[in-house]
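Here's the structure we're looking at; comments come further down.
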Amino acid sequence: MNDLKQLIGEFLQTVPSGTIIDAHTVIEHLVRNCGDAYLDGYKHGEGAASYHSRISHMVGEFDGTLLTRITGESYSENIHGKLTGNACWRRN
């Protein structure tokens, strides 16, 4: 899982300072650009919602360094095309 967290950190460093980003954006990046690492992090039998929640928590570990958590949630499209609320941060 450390590889996935490292990839998340590398992606976050490419996000311009001041930009608001949400967990869906990070997950979409992982799926499209880091497919093997994304799939390696998945636990057999785990649902997508649970796995994506774990990824969101990994993103949250950058709060205070690369990111600042924003109160409330964003409302954006998940990988299933449904609009749902999720955590969001401002890039420091």
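In the working numbering, the protein residues as written are 226 to 317. Just so it is clear, CB atoms sit at the ideal spot from N, CA and C, and this is done for glycine as well. Remember, predicted model here, so these are calculated numbers, not experimental data.
Taken through DSSP and simplified to helix, strand or coil, N258 comes out as helix. Only buried fits H277, as 16 or more other CB atoms lie within 10 angstroms of its CB. Looking at the backbone, the Cα of I245 and that of E271 are separated by about 29 Å. L237 carries a helical assignment under DSSP once its states are collapsed to helix, strand and coil.
For S242, the secondary structure class from DSSP, reduced to helix, strand or coil, is coil. L292 carries a strand assignment under DSSP once its states are collapsed to helix, strand and coil. Annotated three-state conformation of E253 is helix, per DSSP. The Cβ-Cβ distance between L229 and G266 falls below 8 Å. The three-state secondary structure of G310, taken from DSSP, is strand.
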